[in-house]
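What follows is a single structure, written as structure tokens, with notes after it.
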Amino acid sequence: MITALGDWIAPHPWSHFVHLTFNGMVTPEGAKKLFERYVLEQGEEVIFFRAIEWNRFGDVPHIHALIGNTKELKNWYHGIAKVEPYNAGLGARYYICKHITSEYVDWDLNF
């Protein structure tokens, strides 16, 4: 499943591989809403594939995502952001896909 999904999303015009964290306590639903707002701030044509991950102890979630159709990303003001140019050869799409089978992950895509 991981390889098939990673291969399925491969042809899209990904620009960035991002890891987003949060400064304080936020629920997985709150993380989802903050990510959606962040993506909207990037522009109309932006696409994404994201996984919000947390653990069974209810720790603060974090996000792994591919974002596409962007040149530069606006700042993430809710915690630490690690933003890398997307390189298809490094396997980021599979890295995100490996998380989606967990019961502690909410994932979504928009392209």
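In the working numbering, the protein residues as written are 85 to 195. No residue lacks a Cβ here, since even glycine has one placed at the ideal position from N, Cα and C. These numbers were taken from a predicted model, which means no experiment stands behind them.
Between residue 132 and residue 194, the CB-CB gap stays under 8 Å.
Separation of the CB atoms of residue 164 and residue 105 is rounded to 5 Å, and the pair is thereby assigned contact status at 8 Å.
Spatial neighbours of residue 154 in its own chain (CB-CB distance under 8 Å, excluding positions within 5 residues in sequence) are listed in chain order as 99, 100, 126, 127 and 130.
When C-alpha distances from residue 93 are compared across 166, 167 and 152, the shortest belongs to 152.
Sequence-distant Cβ neighbours of residue 138 in its own chain, meaning closer than 7 Å and more than five residues away, are 112, 145 and 188.
For residue 166, same chain residues with a beta-carbon under 6 Å away, outside a window of 5 residues either side, are 103 in chain order. Between residue 179 and residue 157, the alpha-carbon positions lie close to 21 Å from each other.
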